[in-house]
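Presented below is the structure to which this report refers.
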Amino acid sequence: MSILGVYNPVNIELDHGDGVYLYSKDGTRYLDFTSGIGVTCLGHSHPSLVNALKDQSEKLWHCSNLFKINGQEMVAKRIVKNSFASSVFFCNSGTESIEAGIKVVRKYFNSKDSKKYKIICAKNSFHGRTYAAISTSGKSKLTDGYFPILKGFEQVEFNNIKDLKKKIDNETAAIMIETIQGEGGIIPAKKQYLKDVQKIAKDYGLLLYFDEVQCGVGRTGKFLATEWVEELRPNLVSIAKGIGGGFPLGALLLDSKTSKVMKHGAHGSTFGGNPLSMAIANEVLNFVLDADFLDNIREVGYNMRQLIKSEIIERFPKLLSGIRGVGLMIGIECIQKNETLINAMIKKKLLTVRAGQNVIRILPPLILEMKHVDEAINKMTKAFESL
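So, in structure tokens, the structure goes:
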């Protein structure tokens, strides 16, 4: 093969998608509960996104940030209006957003002539695969062969406030955590933990940074997952995946005090915020900022979790042990190896994603309806009966 062998794809050659379904070249239809790992939030080939991309492609594809891009200001204003943010930086992926956020943390304290530079992260986290991003995790499977990894990152137990306090010293600059650990196994941060983390950040003069690359942009039934705790006021939030609806796009959201330190030339991206991505993002926002759309995500997600618990987990206690998640970000805890169960579902034409801690990750498009949930329950039942 000519492709670098860093992936191990499923042996399905996909041809096209439509809504919550993917179709292989041989015409087989699959119910897609992967959404490209939480990316295609409006499903496949959504007419609004297709039209937006088509219209923009006939006008302007790229001009770089040497020039004003009208779509950028429109998308940024809508995000600012509907979040804690004072400004937005656009890039092309989640890991680029994380890199930008790390730079902002260091820049902020450097501008104050402070020696603070360390960032406290959580064990079991995943913030991307670029050099700084893998350095945050402490995971050997990400860092093996890439030593020396970057210094200045500490890892603590997730949802453990005592462990967090122990790691803080006079060089600590920020706390950076996923609001819901995705790759790590769909583990939501407890609400009280988030409140305590914010208090600690305030007491010690630290920046509070949330990675919502996977759990943001409507995935939990809120625009940002931090909104589930009304008191939370982050300094920085990274988003990506869903904001582009399948088009490569990431963004860093900054509050007023972190925005002020990022002057002309402090950071940049050749492709970030290009006209094509902004046309798509503006359409995505039409959905994920709509109250009724978000209500439906919460309702369908809740109903699906209840059905999986009663119809699947309780029926197959030797295979599965529990379920967790928020909105349409769901993790099924496995007793049997998750890969075995995922492969069984593939045979019944249901696609899901593997996650850490032997979890099956359920990340369907946010346009999901109960008829699709019923179809999934039927496919799961047949898949697990076959084992």
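In this note's numbering, the protein residues as written are 1 to 387. The beta-carbon is built from N, C-alpha and C at its ideal position, and this holds for glycine as well.
Going by the beta-carbon positions, is the gap between residue i and residue j smaller than 8 Å?
i	j	result
K241	G43	no
E187	F158	Checking the sequence shown, residue 187 turns out to be Ile, not Glu. Cβ atoms of I187 and F158: closer than 8 Å.
A133	E99	yes
N282	G94	no
I177	E154	no
Y108	L253	no
K195	E231	yes
Q56	L276	yes
S238	G101	yes
G185	G27	no
K382	K337	no
T258	L236	yes
F316	F210	no
E333	G322	yes
G5	S45	no
R324	E339	no
Y117	G152	yes
A174	V105	yes
K191	V229	yes
V10	I346	yes
S35	V213	no
Rounded to whole angstroms, how far is the Cβ of residue i from the Cβ of residue j, which I believe are closer than 8 Å?
i	j	result
N397	H62	This structure gives no information on residue 397, because the portion of the chain shown stretches from 1 to 387.
T136	S125	7 Å
L351	F84	With 8 Å as the limit, L351 and F84 do not qualify as a contact, their Cβ atoms being about 34 Å apart.
V373	N303	7 Å
V20	L368	6 Å
M370	V300	6 Å
N92	F293	At roughly 25 Å, the Cβ-Cβ gap does not stay under 8 Å, so N92 and F293 are not in contact.
F89	A251	7 Å
I161	Y204	That belief does not hold up - the Cβ atoms of I161 and Y204 are roughly 13 Å apart, past 8 Å.
L289	N65	The pair is not a contact, with the Cβ atoms about 25 Å apart (cut-off 8 Å).
E375	L31	6 Å
Quick one: residues in its chain with C-beta nearer than 7 Å to the C-beta of residue i, no 5 flanking neighbours on either side, listed in chain order?
i	result
S256	S86
E13	S24, K25
D15	Y23, S24, K25
I297	G218, G221, G327, L328, L366
D113	none
K115	E171
L60	P275
K123	G138, Q155, V156, E157, F158
Cutting at 8 Å between CB atoms, please list the residues of its own chain near residue i, excluding the five before and the five after it.
i	result
V284	C41, L42, L49, V217, G242, I243, G244, G245
K166	V156
A279	A52, L53, D55, Q56, G71
I69	C63, G273, N274, P275, M278
R129	T95, L142
D169	K118
L387	L319, Q336, T340, L341, A344
R305	I323, G325, I330
A291	none
R29	Y21, L22, Y23, K349
Using only the heavy atoms of the ligand GTP, determine whether one of them is closer than 7 Å to the beta carbon of residue i.
i	result
I102	Judged by which ligands are present, the structure shown has none, so any question about the ligand GTP falls away.
Within a Cβ cutoff of 6 Å, which residues of the same chain sit near residue i, ignoring the five residues on either side of it in sequence?
i	result
L164	V156
N425	This structure cannot settle anything about residue 425, because the visible part of the chain is limited to 1 through 387.
E311	I377
S269	C91
N358	C334, N338
R78	L285
A76	V88
F247	S277, I280
L307	I377
G182	Q214
Would residue i pass as an interface residue toward chain D - the criterion being a Cβ-Cβ separation below 8 Å?
i	result
L254	Checking the listed chains, one finds no chain D in this structure; it contains a single protein chain.
> Could you give the uninterrupted runs of the beta strand (DSSP E) lying entirely in the segment 65 to 115, keeping only those of 3 residues or more?
Replying inline: Counting only unbroken stretches of 3 or more residues, the beta strand (DSSP E) elements lying wholly within the segment 65 to 115 are 87 to 91, in sequence order.
> Can you find at least 3 beta carbon pairs, one from the segment 224 to 232 and one from the segment 357 to 375, that sit closer than 8 Å?
Replying inline: For the pair of segments examined, the segment 224 to 232 was found not to touch the segment 357 to 375: the number of CB pairs separated by less than 8 Å stays below three.
>> Using 8 Å as the cut-off, can you tell me whether the segment 254 to 264 makes contact with the segment 318 to 328, which would need three or more C-beta pairs spanning the two stretches below that distance?
In response: As far as the Cβ criterion goes, the segment 254 to 264 does not touch the segment 318 to 328, which means the pair count is below three.
> Residue ranges of each alpha helix (DSSP H) run of no fewer than 4 residues wholly in the segment 188 to 261, ordered along the chain?
Replying inline: Counting only runs of 4+ residues, the alpha helix (DSSP H) found wholly inside the segment 188 to 261 occupies 191 to 204, 256 to 259, in chain order.
> Going along the chain, which unbroken runs of the beta strand (DSSP E) with 3 or more residues stay wholly within the segment 269 to 352?
Replying inline: Segments of the beta strand (DSSP E) lying fully in the segment 269 to 352: 320 to 326, 329 to 334.
>> Extract the residue ranges of the beta strand (DSSP E) inside the segment 6 to 48, only unbroken runs of 3 or more that lie entirely within it.
In response: Listed in chain order, they are 14 to 18, 21 to 24, 29 to 32.
> Which parts of the segment 115 to 150 are runs of the alpha helix (DSSP H), unbroken and 4 residues or longer, counting only runs that do not cross its ends?
Replying inline: Scanning the segment 115 to 150 from its first residue to its last, the whole alpha helix (DSSP H) runs of 4-plus residues come out as 131 to 137, 140 to 143.
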